[in-house]
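Below is one structure, written out as C-alpha cells; comments come after it.
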Amino acid sequence: MDSAAEITEWPQQKDGDQEWTPPCVGSSAPRVNVFADTRSCKGEDLVITEKSAPSGFFWHFFAVLDGHQGVDCAEYVKGRLWPILTERLPETLPSSWEGEDAAKFGEAIRVAILKAFDEVDEGWYDEKKLSGTTATVALLADRFLTVANVGDSSGMLYTESQKIEMTKSHRLATSKMEQKRLKSENVSVAPLNVNMNGPAKRGEEGFGPLRVWPGGLAVSRSIGDADVTPQVVCFPHIKQIVVPESGARLVLASDGVWDSLPCSKIHQMFCIKRLHKLPQYIINSVARVNGGVVLDDTTLLAVDILPESCRDFKELILKRSKRRYLSCCIMPVLNEDGEGPPQLFAENDSLYMGSMPVRGGTITVRNPPPPPDYLQLPESMDYTVHGASTAEIFDTSVHSSGDLNVASADLEIRRLVK
4 MDSAAEITEW PQQKDGDQEW TPPCVGSSAP RVNVFADTRS CKGEDLVITE
54 KSAPSGFFWH FFAVLDGHQG VDCAEYVKGR LWPILTERLP ETLPSSWEGE
104 DAAKFGEAIR VAILKAFDEV DEGWYDEKKL SGTTATVALL ADRFLTVANV
154 GDSSGMLYTE SQKIEMTKSH RLATSKMEQK RLKSENVSVA PLNVNMNGPA
204 KRGEEGFGPL RVWPGGLAVS RSIGDADVTP QVVCFPHIKQ IVVPESGARL
254 VLASDGVWDS LPCSKIHQMF CIKRLHKLPQ YIINSVARVN GGVVLDDTTL
304 LAVDILPESC RDFKELILKR SKRRYLSCCI MPVLNEDGEG PPQLFAENDS
354 LYMGSMPVRG GTITVRNPPP PPDYLQLPES MDYTVHGAST AEIFDTSVHS
404 SGDLNVASAD LEIRRLVK
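My numbering applies: residue 4 is where the sequence shown begins, and numbers increase by one.
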C-alpha cells in the first residue's frame, strides 16, 4: 500500500497589499516545501505535517511515527502530540538568534517537547493497550529547527556544505550507552532464546537483535509499550540548529530506509534529487534491493527550508558545485562567499536534563547521572547554548528562565511506571 503527501508553503503576507515583515530581526521567512511517501506491509508507520501561526509567524511541525504491536499508539500520538505541544510553545520569536532571549526561546521549546512527549505517553498508558511507537519530530519556527526523537527513526539535515545527524538512535543493538544504562539498573538485555519465546540465557547465543526484557522491545526509548520494563522511557534526544539563510534540506525516515540502503548512497540521493521526486525514489530503491517489496513499513519525509530565491535544494547544490553532481555528501566545502556551517544551538539528552515533568508539576533530579559518552564533545567544538555561559548538556543544576519555573523536590529521576 502506498501513500504520498505533499505540502507546499510560501512566505505569507498579511492585510492584503501590505507586506509582512517577519518578527525576527535580520532574517526573512524561509520558503518551506514538504513531500512525504510511505509504503506499508504492516500499516504501522504514520506521518504528521502541521502548521499554525498563532502569533504572527509560522510553526511547522513534522513527524515520522513507526508503530509496533499495531498502529493504535501511533494513531493516538498523531492525534494528540501536536495539539498538546502548541499549548506550550513560545508566543514570540527572539530579536536575534544570539543572546539571552534566544537561549530562553530554545529552552522553552525543549521543555515543551519533553512535557508533550511525557503527557502523550501517560495518556496512552491510561488506555491500557500494549502497542507503542517510535517518534522522530521536527519543529521549525522561522529558521530555528528543533528535532527530537525516541527510537530508531533517524533524521538528517543537509546544507550546501555539510550533512548533520539530528537524531540519536536508541536501538539497543547499536547503542552501547543505552545498553549500559539498562544493565546498570539490572534490566535484562538479550536476544531471543532458541525457543523464540523469551530472552536468551547467559552464555546462549540467541537469535536476532538485542532486546529489553520484559517486553522484548528492540529499542530502549519509545512512547507507549505498557508491557515493557519501566526503564524504557519516553524522554527524547533533542537537537537545535539555526538553519543558514542559504537554505537546507531536512530528511526524516523510518528504519525501513536506513536498514536497506548503504548510508553513502542514501546521503548522495538525499542531496541531488528534486524534492517532489525524493521520497518515492528512495522507497522504490528500498523495494528494488529487497526483490521488489518492502520487508518493513518504510516512510520518508523531506523538507526544503530555502530562501525566496531558491525553489529546490538541488538548485542550491548545483549552484555551489563545480561539477554537476558534486554534493555536500561527497565533498563538503565551505561556501565561496565565506558562509560557515549552521549555528548549532543546543543538544540535549532529556533523560540527563535537570528536571522532568510529572502530572501537576515538575520534579528535579537530586543526583543526576553523568552525561553519556556520546555527549563528551571535542574541545574544538562549541556546543554551548548561544548567550549562555555553560554548556547545557553538562548543566544539570536547577534553574529558571523567564516563565519556565523549575520547582525543587526531593525526588530522583522518575521512571515511568507503565
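Each residue gets a CB set at the ideal place from its N, CA and C atoms; glycine is no exception.
Straight-line Cα distance separating residue j from residue i
{"i": "Ala-211", "j": "Ser-178", "result": "Looking at the sequence provided, one finds Gly at residue 211 rather than Ala. Cα to Cα, the separation comes out at about 16 Å."}
{"i": "Ser-55", "j": "His-63", "result": "7 Å"}
{"i": "Phe-147", "j": "Val-245", "result": "5 Å"}
{"i": "Phe-348", "j": "Lys-204", "result": "44 Å"}
{"i": "Thr-149", "j": "Leu-213", "result": "30 Å"}
{"i": "Ala-119", "j": "Phe-238", "result": "10 Å"}
{"i": "Ala-32", "j": "Pro-310", "result": "8 Å"}
{"i": "Lys-132", "j": "Ala-229", "result": "7 Å"}
{"i": "Glu-130", "j": "Gly-227", "result": "10 Å"}
{"i": "Asn-196", "j": "Glu-248", "result": "53 Å"}
{"i": "Ser-223", "j": "Ser-288", "result": "29 Å"}
{"i": "Lys-45", "j": "His-240", "result": "27 Å"}
{"i": "Arg-291", "j": "Phe-316", "result": "26 Å"}
{"i": "Ser-353", "j": "Arg-184", "result": "14 Å"}
{"i": "Pro-282", "j": "Ile-87", "result": "28 Å"}
{"i": "Leu-84", "j": "Leu-298", "result": "28 Å"}
{"i": "Pro-375", "j": "Gly-73", "result": "In this prediction, Pro-375 has a pLDDT of 44, which is less than 50 and means its spatial position is unreliable; what the coordinates show is noted afterwards. Each residue's Cα considered, the two are about 32 Å apart."}
For residue i, the residue or residues it bridges with in DSSP
{"i": "Pro-202", "result": "Leu-195"}
{"i": "Glu-53", "result": "Phe-64"}
{"i": "Ser-157", "result": "Ala-256"}
{"i": "Lys-242", "result": "Val-150, Glu-350"}
{"i": "Thr-137", "result": "Asp-69"}
{"i": "Leu-303", "result": "Asp-40, Ala-256"}
{"i": "Pro-48", "result": "Note that residue 48 is Asp in the sequence shown here, rather than Pro. DSSP, once it has assigned bridges, lists Asp-69 as partnering Asp-48."}
{"i": "Ala-251", "result": "Ile-308"}
{"i": "Ala-144", "result": "Trp-62, Phe-147"}
Classification of residue i by the beta-carbon crowding that lies within 10 angstroms, buried from 16 upward
{"i": "Glu-181", "result": "buried"}
{"i": "Glu-208", "result": "exposed"}
{"i": "Glu-122", "result": "buried"}
{"i": "Cys-266", "result": "exposed"}
{"i": "Asn-36", "result": "buried"}
{"i": "Asp-295", "result": "Per the sequence presented here, residue 295 reads as Gly, with Asp not at that position. With fewer than 16 Cβ atoms within 10 Å of its Cβ, Gly-295 is classed as exposed."}
{"i": "Cys-331", "result": "The predicted model places Cys-331 with a pLDDT of 41, which falls under 50 and marks its position as unreliable; any figure quoted below should be read in that light. It is buried - the Cβ of Cys-331 has at least 16 other Cβ atoms within 10 Å."}
{"i": "Thr-41", "result": "buried"}
{"i": "Arg-34", "result": "buried"}
{"i": "Ser-312", "result": "exposed"}
{"i": "Asp-262", "result": "exposed"}
{"i": "Val-95", "result": "The displayed chain sequence assigns Thr, not Val, to residue 95. Its Cβ having fewer than 16 others within 10 Å, Thr-95 is exposed."}
{"i": "Glu-90", "result": "exposed"}
{"i": "Met-199", "result": "exposed"}
Closer than 7 Å: residue i CB and nearest the ligand NAP heavy atom
{"i": "Cys-237", "result": "As for the ligand NAP, it is missing from this structure, which has no ligand bound."}
Quiz item: Can you find at least 3 beta carbon pairs, one from the region 102-115 and one from the region 275-293, that sit closer than 8 Å?
Solution: no
Exercise. Starting from the N-terminal side, write out each stretch of the beta strand (DSSP E) that is 3 residues or longer and does not extend beyond the region 163-187.
Key: 166-168
Practice problem: Kindly confirm or deny that the region 134-144 and the region 153-172 touch, where touching means at least three C-beta pairs closer than 8 Å. | Solution: yes
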